[in-house]
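In this note's numbering, the protein residues as written are 128 to 1199.
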């Protein structure tokens, strides 16, 4: 047995810190296993073999940090103690020494990860809920522990081992660890990872390349699992074959090769291969002029103290800037953030290139710099703080009067360094803008990087310095510092620190809008930073008192003043805070279902008319709704009780229901109104109400209810009162339903269920008022507009539309055209003019195609309105006569880039066709397959218009993209036929639906498909509620000989294939 290994093993086993670290790692693992909810797909359990493998691979990221800390502590131990200078004199070879060191180092790293995974297993076993499946198989955990834990530990340890024993610089070991982390995350961008869903989809070739070169194996894992179904992922481990097997074997050999190189390059002699420098001039003692020595009187005033602080800072910066570490970290940061910038601009195969705006560059820096910056701060501060102790210079340094200023000097030096890193990243962003020829520089966006990243990191550096100053061991201080990075500033901080004011080191994960900048988040973030600065400064004062046994009066006074200011800022920051209580929300849902489920079958009146005024106050992030419903009993039975629901997020200021001469006031959010005189069939009642809403930065904004300074958008019909039982408010989790004895969840109706007719369309009259210089876009045709008391008013009307309406408000530029009697308006942000004319032309094309094939357009106007990027969740959304488009999606995309992806044509075709498919002319009821009549038909129209504009070959390229999207995502949820698809599986209704409809048009001809769609509209006029089978029957009617092929396309889960070059493509399918 290797002597070096045995010595290190005995030493570690006798040290109390070993057992403390073990317990901490197991505890962290338990927390991860019991709390992490990283879903990898609909219907895939959190303890399924697939998810366990995925989570093990993600947690293997921790190996980098274990290995880095252990390298600094274990591998540099001989160098720090100067013991390395006499190693050659001991009776063991270089090989024996290196083998012992590496085995100890590797086992320490791998065992640490194993302890973490042990805790993870315990946490998952302790967990309950519908997301967990029955049973436990230890092999499901051991398999990924070896595939990811063992092999990744071998790779990381061998890489850092090589750096340690060849370059022998601690900071470069840290840089090497960070480089591995950066490489890990960049590879995930191109690997189809569920964890990096925002980067999807990537081309198949890119995924295959990522699977080959990913040093940590996750890309290969996803590649191998892409064809597995949900059921397979729940019961079987991902096979160790093909890309996965090749990747793991490849990096095993690479690890061994790196280790072999370490053995070849290592030498006990420190001067091996180095030239010894000789001094040119040596000053002898006899040549020293005694007269050069003078007596000075020491001065310890404020100026001297200030100069000492600068001296300490200068010493740190000289040490850091003269070393290779800072250039290496700079290159690492530029590479990491640069790759992310590139990925944000070049959006893969589905979306075109984005314009490289300052906002996009700044938010990309903010999203990626924060964690890396904190880790860099933790490592660098640990190194510079303990440098004098390591060299034993601290014995002299601590004897000086002004040594107390050393901590402040370190703080200034790291602050300067963080400002330097921020500066070079901003310069890189500007270079990207120039490279992509987008020359408008928005300095306000870049200044946000300092506020949201640099200042929190500087604040965190102050905290890290206290850790190093209070803990007497360098490596324990480093370990706690790294732990603090993840606990106090990462995603975990939200779970451990529920009160948002105390998350003072967190970054900003929001967006930047050309409409409104960072919004009110800027001020709120600054307030929390001020509070954090007060807390850290007081901690520094306490630390100073403990060290020097004396109260520093001036510093204490400044800190107390800063803390008081911070407290006032914190109170302002917390204004309007509403704690999130999931348990209370579940209890509320259970109580709602128990108390009101009987109204599921009781007749209720329908809303037939809505008259409303929406008063927007964008500068206050608020609005008020004044509305009146006309409620009509359209059944053949009298109604004596009416269930009325108001949204929990809005304040109920007043509500009154009137039926005949009877009036009832409403004070509760959920109320049953008992009528003394029942509402007879055909009779009406009215509901008058006033609601208000305001949001605060501390709670965050709701994406679909975003009223901001400029660029507001609200799906506002969601926040209006509803009548009758709302089954969407039921608890969905089956185990929670059993816990509350609620019975089985109401199943969605099958496509084969009997058809229904329901008169639930409304007549809408809305007046929207907004602040001066803003234009409000509503639902329906604009009747008139006016200005009163400095506010702009707009009146919109729409008759016989579904209960679905939205509002936007912003400072807009307007481009308008009258096309064949229809007014087409485009409201856009003044900087986003590039695609306006192209959108107008494509809107004309879409109008011509849809009116020619499907029927008359039902409104007088079409409004395309751009909205702020504060709204997320869609590329565009259509309402009667209005289409709303977030600024950061397809509307402001560079369609002239190399791939020429004309998403403007897709936007116009898809969203305008919704005015036929699902927004005003037909309204499917809530059953399986309803999205086939909305999104699938809109995708068909989109494809046909793309063909009309760019030709069939270009259209088929887009179809291939959608087929790949479907292939990528079909294994992440249950695979169902198109005619049974719901909104939960958009890859089926959108992507596979597009391919199926194009296939159908090749099979029976575009004209016959359009005839079937027109017949669908004709035969299913309101109030009829059509289903997916009605559409399929229309296909049967126009193509009776193709019934089997139609069924294969829409009623099976078979893959759809195309025969290249065939004009009349047959419906070939491939079972998968």
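Here a beta-carbon is modelled for each residue, glycine too, at the ideal position from N, C-alpha and C.
These numbers come from a predicted model, not from an experiment.
By the Cβ criterion, the region 855–866 is not in contact with the region 1014–1027, since fewer than three pairs of Cβ atoms, one from each stretch, lie closer than 8 Å. Nearest to residue 937 by C-alpha distance, out of 955, 925, 951, 950, is 955.
Closest by C-alpha distance to residue 752, out of 746, 762, 740, is 740.
From the listed residues 800, 747, 344, 790, the smallest Cα separation to residue 772 is found for 800. The region 787–799 makes no contact with the region 830–838; the number of CB pairs closer than 8 Å stays below 3. Selection 459, 472, 516, 524 evaluated against residue 502 yields 459 as nearest (Cα-Cα). The residues 825, in chain order, have a CB closer than 6 Å to that of residue 627 in the same chain once the five nearest residues on each side in sequence are set aside.
Rounded to whole angstroms, the gap between the alpha carbons of residue 1052 and residue 880 is 11 Å. Take the alpha-carbon of residue 1066 and the one of residue 268: they are about 42 Å apart. The region 1173–1189 makes contact with the region 1119–1129, as at least three CB pairs between them are under 8 Å. Under the three-state reduction of DSSP, residue 797 is assigned to strand. Distances from the alpha-carbon of residue 1111 to those of 1151, 1057, 1079, 1089 put 1057 closest. Linking residue 615 to residue 625 through their CA atoms gives a straight-line distance of about 11 Å. For the pair residue 1073 and residue 1081, the CB atoms are nearer than the 8 Å cut-off.
With at least 16 other beta carbons inside 10 angstroms of its own, residue 894 counts as buried. Residue 509 counts as buried, since at least 16 other C-beta atoms from the protein chains shown sit within 10 angstroms of its C-beta.
Cβ-Cβ distances below 6 Å link residue 168 to 1099, 1100 in the same chain, with the five nearest sequence neighbours on each side left out; the list follows chain order. For residue 370, the enclosing alpha helix (DSSP H) begins and ends at 369–392. Closest option to residue 137, judged by alpha-carbon separation, among 189, 231, 297: 231. The three-state reading of DSSP puts residue 1167 in helix, counting H, G and I together. In the three-state scheme derived from DSSP, where H, G and I count as helix and E and B as strand, residue 908 is classed as strand. Assigned with DSSP and collapsed to three states, residue 819 falls in strand.
Cβ contact annotation for residue 678 (same chain, cutoff 7 Å, sequence separation greater than five): 672, in chain order. Here the C-alpha atom of residue 170 lies approximately 13 Å from the C-alpha atom of residue 355. The Cβ atoms of residue 583 and residue 629 lie no closer than 8 Å to each other. Between residue 1122 and residue 1089 the beta-carbon gap is near 6 Å, inside 8 Å, which marks them as a contact.
Looking at the DSSP output, residue 889 sits in a beta bridge with 928. By the Cβ-count criterion, residue 698 is exposed, with fewer than 16 other Cβ atoms from all chains shown falling within 10 Å of its own Cβ.
Taking C-beta atoms as the reference points, residue 609 and residue 196 count as a pair closer than 8 Å.
Within 10 angstroms of the beta-carbon of residue 252 lie fewer than 16 other beta-carbons, which makes it exposed. Contact between the region 171–180 and the region 345–365 is established, with three or more Cβ pairs separated by less than 8 Å.
Counting along the chain, residue 790 sits inside the beta strand (DSSP E) bounded by residues 789–792. Looking at the DSSP output, residue 733 shares a beta bridge with 759. The C-alpha of residue 766 lies about 14 Å from the C-alpha of residue 784.
For residue 918, the pairing in a beta bridge is given by DSSP as 898, 915. Residue 358 is bridged by DSSP to nothing; it lacks a bridge partner.
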